[in-house]
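Trainee: Pasting a structure below so you can have a look.
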Amino acid sequence: MKKQLVIIDDDYIYRLITSKMIHHVDNSLEIHQCENAVEGLDKLTSFENSVQPITVLLDINMPFMNGWSFLKKLEEFTPEILNNINIYMVSSSTDESDISKSKSYKFLKGFISKPLTKENIKSILGKN
Numbered sequence: 171m172k173k174q175l176v177i178i179d180d181d182y183i184y185r186l187i188t189s190k191m192i193h194h195v196d197n198s199l200e201i202h203q204c205e206n207a208v209e210g211l212d213k214l215t216s217f218e219n220s221v222q223p224i225t226v227l228l229d230i231n232m233p234f235m236n237g238w239s240f241l242k243k244l245e246e247f248t249p250e251i252l253n254n255i256n257i258y259m260v261s262s263s264t265d266e267s268d269i270s271k272s273k274s275y276k277f278l279k280g281f282i283s284k285p286l287t288k289e290n291i292k293s294i295l296g297k298n
């Protein structure tokens, strides 16, 4: 089974560009695009029995459910599932309170400012 990467962001162009950038760094990943957090939760639930690590790139500001609400819902997942998910919050927000709040989630691996760079992607994927 291929390693999975899930992009959760309401901006279609961002998802498309990010997917292409990721494929340039590692074309072996299976990339899933979700236009909102509800879709993202459904996608992660579908990987419940996966043994492969799952990487998630999560936006903060989205309709229906924002990134913070997504993280709250994710806390309801079992620890076994959470141990298999590497979540990076990727946002255009430069608000210190967002960065600080992100540190309160133990399973959140990092906060990255948009736009993503090739170096960011390499770091996320462990390709440095």
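Under this note's numbering, the letters of the sequence shown match residues 171 to 298, in that order.
All C-beta atoms in this analysis are idealised placements derived from N, C-alpha and C, irrespective of residue type, glycine included.
Would you mind giving the Cβ-Cβ distance between Ala207 and Ile187, rounded to the nearest angstrom? I have them listed as a contact below 8 Å.
Mentor: 20 Å between Cβ atoms; not a contact.
Trainee: Name, in chain order, the residues that DSSP records as bridge partners for Phe217.
Mentor: DSSP output for Phe217 lists no bridge partner at all.
Trainee: Check whether the Cβ atoms of Asn254 and Pro223 lie closer than 8 Å to each other.
Mentor: Closer than 8 Å, so yes.
Trainee: Kindly identify the DSSP beta-bridge partner or partners of Tyr275.
Mentor: None, per the DSSP bridge assignment.
Trainee: Would you mind giving the Cβ-Cβ distance between Ile230 and Asp268, rounded to the nearest angstrom? I have them listed as a contact below 8 Å.
Mentor: Right, the Cβ-Cβ distance comes to about 6 Å (below 8 Å), so this counts as a contact.
Trainee: Could you tell me which whole alpha helix (DSSP H) segments of length 4 or greater appear in the segment 203-269?
Mentor: Runs of the alpha helix (DSSP H) inside the segment 203-269: 207-216, 237-244 and 249-252.
Trainee: Please report the residue range of the beta strand (DSSP E) in which Leu175 lies.
Mentor: Counting along the chain, the beta strand (DSSP E) containing Leu175 begins and ends at Gln174 to Ile178.
Trainee: What is the residue span of the alpha helix (DSSP H) that Leu186 lies within?
Mentor: Note, Leu186: alpha helix (DSSP H), Tyr182 to Val195.
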